[in-house]
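So for the sequence shown, UniProt numbering puts the first residue at 1; every next one is plus one.
Every residue gets a Cβ at the ideal spot worked out from N, C-alpha and C, and that includes glycine.
Values in this document were obtained by computation on a predicted structure and should not be read as measured data.
Working notes, beginning with the structure itself.
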Amino acid sequence: MSAVEPAGRGVEFRRGSRVRLRPAQRADIVDLTLSGRTARVDRVEEYEDGRIHVVVALDGDPACDLGAMSQIGHRFFFAPEELEPIGGEQDGSAVLVAAVGDAFVPGGGFGASVVERLRAREHRHDVRLNDFGIRTSDLVRAVADEDFHAVLLVCALRQGRRPGAVSVWEAAAVTTPESDDAAFVFALTRRLQRHCGRVLVLAGEPARGGAAEHLDEAVRVLDTLVGDITTARQAPTGR
Numbered sequence: 001m002s003a004v005e006p007a008g009r010g011v012e013f014r015r016g017s018r019v020r021l022r023p024a025q026r027a028d029i030v031d032l033t034l035s036g037r038t039a040r041v042d043r044v045e046e047y048e049d050g051r052i053h054v055v056v057a058l059d060g061d062p063a064c065d066l067g068a069m070s071q072i073g074h075r076f077f078f079a080p081e082e083l084e085p086i087g088g089e090q091d092g093s094a095v096l097v098a099a100v101g102d103a104f105v106p107g108g109g110f111g112a113s114v115v116e117r118l119r120a121r122e123h124r125h126d127v128r129l130n131d132f133g134i135r136t137s138d139l140v141r142a143v144a145d146e147d148f149h150a151v152l153l154v155c156a157l158r159q160g161r162r163p164g165a166v167s168v169w170e171a172a173a174v175t176t177p178e179s180d181d182a183a184f185v186f187a188l189t190r191r192l193q194r195h196c197g198r199v200l201v202l203a204g205e206p207a208r209g210g211a212a213e214h215l216d217e218a219v220r221v222l223d224t225l226v227g228d229i230t231t232a233r234q235a236p237t238g239r
């Protein structure tokens with residue numbers, strides 16, 4: 001079941017919808033803790049007896065990065081009537097910041113470190129932060145399942161620049177990879193472009209130990225980039 005419309009609400013809950021949790025029972029500490037929290041709809045399930053549950057993941061929960069199988073990720077089940085829609089975000093308006101890389105390879109944890117720093121700061125509700133690690137198939141599936149306005153891929157990439165140097169480019173502007181290291185990123189961006197019209201790459205030159213100043217620079221660049229994208233998206237179009 002892809003969506004559900006609670007009686008009398010005039011709204012529809014589907015994957016990606018943002019909601020505020022309003023548990024009806026408030027019978028235990030979990031209900032009390034979750035009451036008022038914001039979340040995002042993961043899926044809608046209908047059972048044989050006709051009951052419908054909306055499965056949600058809490059905003060800011062890093063366990064949501066664990067992929068589509070969700071064996072360990074935190075998911076909560078609510079009746080549609082226990083969810084309050086949060087307006088202001090339309091289909092195709094969200095920006096996904098996705099870290100990829102093998103943390104066991106020197107410098108491979110660059111993207112994850114950048115996303116972790118961004119999570120520690122306040123950010124817009126329409127900016128999603130996810131660390132996919134080596135799970136690139138989960139990343140492609142996530143982009144295919146949701147209508148993102150743009151995807152920002154954050155990764156380490158050897159380009160012969162100074163350690164920690166940050167570069168940004170539009171995937172659509174690159175026709176061939178410049179190196180063997182770039183071939184993997186090039187192939188991934190091509191897969192993502194099948195499902196999202198705008199894909200950008202923020203690449204950091206691997207630095208020994210992932211020095212804090214290099215991560216700070218990447219966060220500053222990413223902040224500016226996300227701000228430019230969201231501002232341009234919201235700007236009125238001319239006639």
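Burial state of residue i (16 or more Cβ within 10 Å)
i: Thr-175; result: exposed
i: residue 252; result: Because the chain in this structure spans residues 1 to 239, residue 252 falls outside the shown range and cannot be described.
i: Glu-170; result: exposed
i: Ser-179; result: exposed
i: Asp-42; result: buried
i: Pro-23; result: buried
i: Glu-45; result: exposed
i: His-125; result: exposed
i: Ser-17; result: buried
i: Thr-231; result: exposed
i: residue 240; result: Because residue 240 is not part of the residues shown, which for the chain are 1 to 239, the question remains open.
i: Gly-60; result: exposed
i: Gly-101; result: buried
Among the options, the one whose alpha carbon lies nearest that of residue i
i: Val-114; options: Asp-228, Leu-34, Asp-131; result: Asp-131
i: Pro-206; options: Thr-189, Val-185, Gly-160, Val-168; result: Gly-160
i: Gly-164; options: Leu-192, Asp-145, Gly-109; result: Gly-109
i: Glu-116; options: Leu-129, Ile-229, Thr-189, Asp-59; result: Leu-129
i: Val-30; options: Val-95, His-74, Ala-203, Arg-162; result: His-74
i: Phe-78; options: Val-55, Val-97, Glu-217; result: Val-55
i: Val-226; options: Gly-60, Leu-153, Asp-28; result: Leu-153
i: Val-103; options: Leu-96, Ala-94, Ile-134, Ser-93; result: In the sequence as presented, Val is not what sits at residue 103; that position holds Ala. Among Leu-96, Ala-94, Ile-134, Ser-93, the Cα nearest to that of Ala-103 belongs to Ile-134.
i: Phe-76; options: Val-168, Ala-182, Arg-20, Ile-86; result: Arg-20
i: Ala-94; options: Gly-204, Val-219, Glu-217, Cys-196; result: Cys-196
Delimiting residues of the beta strand (DSSP E) encompassing residue i
i: Thr-175; result: Per DSSP, Thr-175 belongs to no beta strand (DSSP E) and is neither H nor E.
i: Ala-156; result: 150-156
i: Val-143; result: Run containing Val-143: none in the beta strand (DSSP E); it sits in the alpha helix (DSSP H), 136-145.
i: Arg-128; result: 127-133
i: Phe-76; result: 76-78
i: Gly-160; result: It is not in any beta strand (DSSP E) - Gly-160 carries neither H nor E in the DSSP assignment.
Separation of residue j from residue i, as counted between CA atoms
i: Ala-57; j: Gly-111; result: 22 Å
i: Leu-215; j: Glu-48; result: 50 Å
i: Met-69; j: Ser-137; result: With a pLDDT of 47 at Met-69, under the threshold of 50, the modelled position of this residue cannot be trusted, and the question is left open.
i: Val-201; j: Asp-223; result: 14 Å
i: Glu-81; j: Ser-35; result: 13 Å
i: Arg-191; j: Leu-32; result: 42 Å
i: Ala-99; j: Val-140; result: 12 Å
i: Phe-13; j: Ala-39; result: 12 Å
i: Asp-147; j: Val-127; result: 13 Å
i: Ala-150; j: Ile-229; result: 8 Å
i: residue 311; j: Arg-37; result: This structure leaves residue 311 out entirely; the chain is present only between 1 and 239.
i: Pro-106; j: Leu-157; result: 11 Å
i: Val-168; j: Glu-122; result: 23 Å
i: Arg-198; j: Thr-189; result: 10 Å
Limits of the unbroken alpha helix (DSSP H) element including residue i
i: Gly-111; result: 110-119
i: Asp-31; result: 29-34
Own chain, CB closer than 7 Å to residue i, minus 5 neighbours either side, in chain order
i: Asp-145; result: Arg-15
Neighbourhood of residue i by C-beta, 6 Å cutoff - its chain only, sequence neighbours within 5 removed
i: Gln-71; result: Any reading at Gln-71 must be qualified, since the residue scores a pLDDT of 47, below 50, and its modelled position is unreliable; the value itself is stated next. Correct list: empty, nothing qualifies.
i: Leu-118; result: Leu-129
Own chain partners of residue i with C-beta closer than 8 Å, once the 5 adjacent residues on each side are dropped
i: Ala-182; result: Leu-157, Gln-159
i: Arg-239; result: Because Arg-239 carries a pLDDT of 42, less than 50, the predicted location of this residue cannot be relied on, and the following value inherits that uncertainty. If we look at Arg-239 and ignore the five residues flanking it on each side, it has no Cβ neighbours.
i: Val-221; result: Val-166, Val-168, Leu-202
Residue i CB to nearest heavy atom of the ligand GTP below 6 Å
i: Glu-82; result: No copy of the ligand GTP occurs in the structure displayed, which carries no ligand at all.
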